[in-house]
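Sequence positions in the sequence shown follow the numbering used here and run 31 to 980.
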Amino acid sequence: MIVLLSVGPGTLESTMTEDLSPAERYAAARQRAAEQATALASFREMYDFGLDPFQIAACQALEAGKGVLVAAPTGSGKTIVGEFAVHLALLQGKKCFYTTPIKALSNQKYADLCRRYGADKVGLLTGDNSVNSEAPVVVMTTEVLRNMLYAGSQTLLGLGHVVMDEVHYLSDRFRGAVWEEVIIHLPPSVTLVSLSATVSNAEEFGDWLDTVRGDTEVIVSEHRPVPLFQHVLAGRRMYDLFEEGEGHKKAVNPDLARLARMEATRPSYQDRRRGRSMREADRERERRQRSRAWTPGRPEVIERLDAEGLLPAITFIFSRAGCEAAVQQCLYAGLRLNDEEARERVRALVEERTAHIASEDLHVLGYYEWLEGLERGIAAHHAGMLPTFKEVVEELFVRGLVKAVFATETLALGINMPARSVVLEKLVKWNGEQHADITPGEYTQLTGRAGRRGIDVEGHAVVLWQRGMSPEHLAGLAGTRTYPLRSSFRPSYNMAVNLVEQFGRHRSRELLETSFAQFQADRSVVGISRQVQRNEEGLAGYQASMTCHLGDFEEYARLRRELKDRETELARQGVHQRRAEATVALEKLKPGDVIHVPTGKYAGLALVLDPGLPAGRSNGHRGYDHQDGPRPLVLTAERQVKRLASMDFPVPVEPLDRMRIPKTFNPRSPQSRRDLASALRSKAGHIPPERARKKRSGAADDREIARLRTALRAHPCHGCDDREDHARWAERYHRLLRDTSQLERRIEGRTNTIARTFDRIVALLTELDYLRGSEVTEHGRRLARLYGELDLLASECLREGVWEGLAPAELAACVSALVYEARLSDDAMAPKVPSGKAKAALGEMVRIWGRLDGLEEDFRISQTEGVGQREPDLGFAWAAYMWASGKGLDEVLREAEMPAGDFVRWCKQVIDVLGQISAAAPREDSTVAKAARKAVDQLLRGVVAYSSVG
Numbered sequence: 031m032i033v034l035l036s037v038g039p040g041t042l043e044s045t046m047t048e049d050l051s052p053a054e055r056y057a058a059a060r061q062r063a064a065e066q067a068t069a070l071a072s073f074r075e076m077y078d079f080g081l082d083p084f085q086i087a088a089c090q091a092l093e094a095g096k097g098v099l100v101a102a103p104t105g106s107g108k109t110i111v112g113e114f115a116v117h118l119a120l121l122q123g124k125k126c127f128y129t130t131p132i133k134a135l136s137n138q139k140y141a142d143l144c145r146r147y148g149a150d151k152v153g154l155l156t157g158d159n160s161v162n163s164e165a166p167v168v169v170m171t172t173e174v175l176r177n178m179l180y181a182g183s184q185t186l187l188g189l190g191h192v193v194m195d196e197v198h199y200l201s202d203r204f205r206g207a208v209w210e211e212v213i214i215h216l217p218p219s220v221t222l223v224s225l226s227a228t229v230s231n232a233e234e235f236g237d238w239l240d241t242v243r244g245d246t247e248v249i250v251s252e253h254r255p256v257p258l259f260q261h262v263l264a265g266r267r268m269y270d271l272f273e274e275g276e277g278h279k280k281a282v283n284p285d286l287a288r289l290a291r292m293e294a295t296r297p298s299y300q301d302r303r304r305g306r307s308m309r310e311a312d313r314e315r316e317r318r319q320r321s322r323a324w325t326p327g328r329p330e331v332i333e334r335l336d337a338e339g340l341l342p343a344i345t346f347i348f349s350r351a352g353c354e355a356a357v358q359q360c361l362y363a364g365l366r367l368n369d370e371e372a373r374e375r376v377r378a379l380v381e382e383r384t385a386h387i388a389s390e391d392l393h394v395l396g397y398y399e400w401l402e403g404l405e406r407g408i409a410a411h412h413a414g415m416l417p418t419f420k421e422v423v424e425e426l427f428v429r430g431l432v433k434a435v436f437a438t439e440t441l442a443l444g445i446n447m448p449a450r451s452v453v454l455e456k457l458v459k460w461n462g463e464q465h466a467d468i469t470p471g472e473y474t475q476l477t478g479r480a481g482r483r484g485i486d487v488e489g490h491a492v493v494l495w496q497r498g499m500s501p502e503h504l505a506g507l508a509g510t511r512t513y514p515l516r517s518s519f520r521p522s523y524n525m526a527v528n529l530v531e532q533f534g535r536h537r538s539r540e541l542l543e544t545s546f547a548q549f550q551a552d553r554s555v556v557g558i559s560r561q562v563q564r565n566e567e568g569l570a571g572y573q574a575s576m577t578c579h580l581g582d583f584e585e586y587a588r589l590r591r592e593l594k595d596r597e598t599e600l601a602r603q604g605v606h607q608r609r610a611e612a613t614v615a616l617e618k619l620k621p622g623d624v625i626h627v628p629t630g631k632y633a634g635l636a637l638v639l640d641p642g643l644p645a646g647r648s649n650g651h652r653g654y655d656h657q658d659g660p661r662p663l664v665l666t667a668e669r670q671v672k673r674l675a676s677m678d679f680p681v682p683v684e685p686l687d688r689m690r691i692p693k694t695f696n697p698r699s700p701q702s703r704r705d706l707a708s709a710l711r712s713k714a715g716h717i718p719p720e721r722a723r724k725k726r727s728g729a730a731d732d733r734e735i736a737r738l739r740t741a742l743r744a745h746p747c748h749g750c751d752d753r754e755d756h757a758r759w760a761e762r763y764h765r766l767l768r769d770t771s772q773l774e775r776r777i778e779g780r781t782n783t784i785a786r787t788f789d790r791i792v793a794l795l796t797e798l799d800y801l802r803g804s805e806v807t808e809h810g811r812r813l814a815r816l817y818g819e820l821d822l823l824a825s826e827c828l829r830e831g832v833w834e835g836l837a838p839a840e841l842a843a844c845v846s847a848l849v850y851e852a853r854l855s856d857d858a859m860a861p862k863v864p865s866g867k868a869k870a871a872l873g874e875m876v877r878i879w880g881r882l883d884g885l886e887e888d889f890r891i892s893q894t895e896g897v898g899q900r901e902p903d904l905g906f907a908w909a910a911y912m913w914a915s916g917k918g919l920d921e922v923l924r925e926a927e928m929p930a931g932d933f934v935r936w937c938k939q940v941i942d943v944l945g946q947i948s949a950a951a952p953r954e955d956s957t958v959a960k961a962a963r964k965a966v967d968q969l970l971r972g973v974v975a976y977s978s979v980g
């Protein structure tokens, strides 16, 4: 295992030859001669730059027959190691598979390798394309390799090396399991090259690779080949985030910290609106402060970067609409970053790359607005764009013809688009559930794009000033390198039948226990086990300290605990009883009752406007989160109208009097509230609140408490002079014993977790006759060909003939429900679906899912753990049906209310699953396979059919 801090190329060679004796020079010359005979030597000649030490170390380990894990920053050149694996495989007459997480990256790497080795030696396999698949070097998405391993594909014959680019993807909660499946199931003869971003637990991941793949060297480089400088742009001034301290320690720039303090004390616009008008001197000071710090507009930022020579730049905006709006703002501001010659080159390249798109579709896709931005050197980049448009933006950016790109964070996932500068508008993004601060790992990944090796001397990360920004928090993001790799591996139904088919049930269970997920769980158990051992030593000491010469003090302590627990239980019952009585009293209240609110913020005299019984909860006050009991709306004597909660009435409340509420009373009118509150005080202000009568404690008459008190007094230890000292040790003993039991339960919960989940999945599949012991049934073999989140639902639909007799377009609509998942949940309106047979089939799919959902609950298979079948989403059914029926792009996108890029992506996923269904469908007396093939042909047209390769 190696951990390296990388230095610049050539440093090692120069150091080695300095101050050597003649004998040492002779030995060094012999070593250089030996090195010239290696594969690495011929590989280095292919590049016009020297390799870094971490690249050399990784390549030498590969040539020695070892697997490698290379963890290095974005842009440091770790793909050189992957390319050496390709070189080595070709020299040895073996195959090399180069896997990537996304199709765009596969296409990019395919083009790179074709330029280096020739198109005849390089193939491509993605969900969309199959080009020269039997070539000695094949670039593919990781899912394709996983499917080949399960199918026992002949393409695997002669495989010598597998490169897994962006292997840190195994943390991805949706797709990460695929990386682990590949690593576990690759034949032992295959050498694995894992390329990862800088992660904080590379050694742990390397230890696991060593366990499952054999001898693996871990090579970590935290050195950025292009240094990165951090800035904050506030108003007209660009502040450095750090100032260099003594010993090169980085401290937050004091000017920036001072600005933050000034901004924190300045009243916000809303605060000023609430206050009185400002004096002239205050207004002048306000103007001076505003001139120091504000969030500059997007065109202003680009102009500033251009003036400082910091373009090309990528501005990360965590919103697709925000990216498009940013381009429009720059166009409206008259921003032009290209001269006439560059404009002509842009237009020529764009027209060449988009020549295949029908002219009537170009208008629908916003082509002319997009082209205008490109000609000016400005573009957006996000998943909602047509793939063709995204690829053109990437190519123009790399060529320096687009200088400002506004992108979502998906651009940071491996596509080769380095920039001189990266701009972050905000440090908060929507994570699918809520707005959350970006993590240090995300910040590192986003800013890692800044600084182009071989072009820029330095890179720049610029964060825009936002009110309330903390420079210390930003410095923490920029200075922290905590990006731990966490396994997201979970068994699936398809995985289970494939494993049992190949290895049998027992061996499959053992294989799953070798996963990185279980490896991490077991490692965490080691720490917990040590804590348990320490606790047990402590328990022995406590037990010795509480020993009493008069008797068994452990027994005496148990009686004391039982007495205390019983008293606590009775007190709790008393509270519940009082609350129940209070609820009954609240239910009897009527509009016009005058009451005294016993406690809370609004305690005191109040008039009931609305008793707030369950039927009237729809207009409840959002400030409370109580789902049970009445919530009366009252007017207080202080003229406030508030809806109270049950916590305001710990004791029953009785009306003190009654008042008539005028029909003209308006709770929103200050005058109405003032008049009625005045009448309330006049009517009942003199009436004293009724005091709650104190009831006899339930403990006074409880037989169990009486028995325990008698037993305590009769116990020999009750008369010990050191009784309370012993009792304190006994309490510590009991508390530590309880904590130890919890730790032991945690150990039990983490041990064999993956295998236990597998056992539950196997039990459910056995119930449905997909498995019989270690035998895979005919239904199971069909399930083995279906990959996807809803694999079992698709198999059940084939089994029950739900899709029989459907036209190709109708089948496409049904299959879309298996892959589509809305970006935002929208329950306002039911999605539009095709009528007739398709509608009936979709309804049947939902019914089958309901049955499977019930079965999963019975077998304790939980979707929250990443296992199980989510409900099919019908939101894309109408769009898929229309497109497969031959409707035009304009009409389909208008009906679907969806960006072109999303539409193309979902269509391609539907096509992928239709291909699986055509392979898995029964052959005799079934129309599904034929309909699926026709549906693929009908979907694969126009913008969907375009491929950047082949």
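By construction, the Cβ of each residue, glycine as well, lies at the ideal position given by its N, Cα and C atoms. On a predicted model such as this, the values are computed, not experimentally measured, just so you know.
- Check the Cα spacing between Gly471 and each of Gly506, Ser545, Lys139: the tightest is with Gly506.
- For the options Arg588, Leu872, Ser251, the alpha carbon positioned closest to that of Ala757 is the one of Arg588.
- Going by C-alpha positions, Ala907 is about 17 Å away from Gly945.
- Using a 10 angstroms sphere on the CB of Leu187, the tally of other CB atoms stays under 16, which defines it as exposed.
- Cβ-Cβ distances below 7 Å link Leu404 to Val376, Val380, Leu426, Val432 in the same chain, with the five nearest sequence neighbours on each side left out; the list follows chain order.
- DSSP places His579 outside both helix and strand once states are collapsed to three, so it counts as coil.
- Between the alpha carbons of Gly105 and Gly630 lies a distance of about 59 Å.
- In this structure, Ile941 sits away from Val973, with a CB-CB distance that is not shorter than 8 Å.
- Non-local beta-carbon contacts of Ala356 in its own chain, meaning distances under 8 Å to residues more than five positions away in sequence, involve Arg328, Thr345, Ile347, Ala410, Phe436 in chain order.
- Segment contact: the stretch 917-929 against the stretch 788-802, fewer than three CB-CB distances shorter than 8 Å; contact not assigned.
- Counting C-beta pairs closer than 8 Å gives fewer than three between the stretch 829-838 and the stretch 527-540, which falls short of the contact rule.
- Straight through space, the alpha carbons of Leu970 and Asn159 are spaced by roughly 12 Å.
- The Cβ atoms of Val530 and Ser804 lie closer than 8 Å to each other.
- Around the beta-carbon of Thr694, fewer than 16 other beta-carbon atoms lie within 10 Å, marking it exposed.
- Closest by C-alpha distance to Leu263, out of Lys108, Ile625, Val492, Ile110, is Val492.
- The Cβ atoms of Ser518 and Gly107 lie no closer than 8 Å to each other.
- Of the candidates Lys672, Ala281, Cys578, Lys672 places its Cα closest to the Cα of Arg698.
- In terms of Cα proximity to Tyr911, the closest of Lys964, Ile891, Ala842, Arg924 is Ala842.
- Per DSSP, Thr345 is one residue of the beta strand (DSSP E) stretching across 343-346.
- Look at the stretch 105-173 and you find these whole runs of beta strand (DSSP E), each 3 residues long or longer: 125-130, 152-155, 167-171.
- In the displayed model, Ala480 falls within a strand according to three-state DSSP.
- Look at the stretch 619-707 and you find no whole run of alpha helix (DSSP H) that is 4 residues long or longer.
- Note on geometry: alpha-carbon atoms of Ala102 and Thr228 lie some 5 Å from one another.
- The beta-bridge partner set that DSSP reports for Gly489 consists of Leu258.
- Residue Arg406 holds the alpha-carbon nearest to the alpha-carbon of Leu365 among Trp400, Gly571, Leu341, Arg406.
- For Phe436, the enclosing beta strand (DSSP E) stretches over residues 434-437.
- Apart from the 5 residues on each side of it in sequence, Gly581 sits with its Cβ closer than 7 Å to the Cβ of His745, Pro746, Cys747 in its chain, given in chain order.
- DSSP places Ser219 outside any alpha helix (DSSP H), giving it a letter other than H or E.
- Rounded to the nearest angstrom, the Cβ distance from Arg608 to Pro680 is 7 Å, consistent with a contact under 8 Å.
- Taken atom to atom, the span from the alpha-carbon of Gly642 to that of Arg661 is near 5 Å.
- Per DSSP, the unbroken beta strand (DSSP E) holding Ala281 starts and ends at 280-282.
- For Ala102, the three-state secondary structure derived from DSSP is coil.
- Going by DSSP, Tyr911 is part of the alpha helix (DSSP H) stretching over 907-914.
- Here the alpha carbons of Gly95 and Glu75 stand approximately 21 Å from one another.
- CA-to-CA, the gap between Gln893 and Arg900 works out to about 7 Å.
- Per DSSP, reduced to three states, the secondary structure at Lys96 is coil, with no helix or strand assignment.
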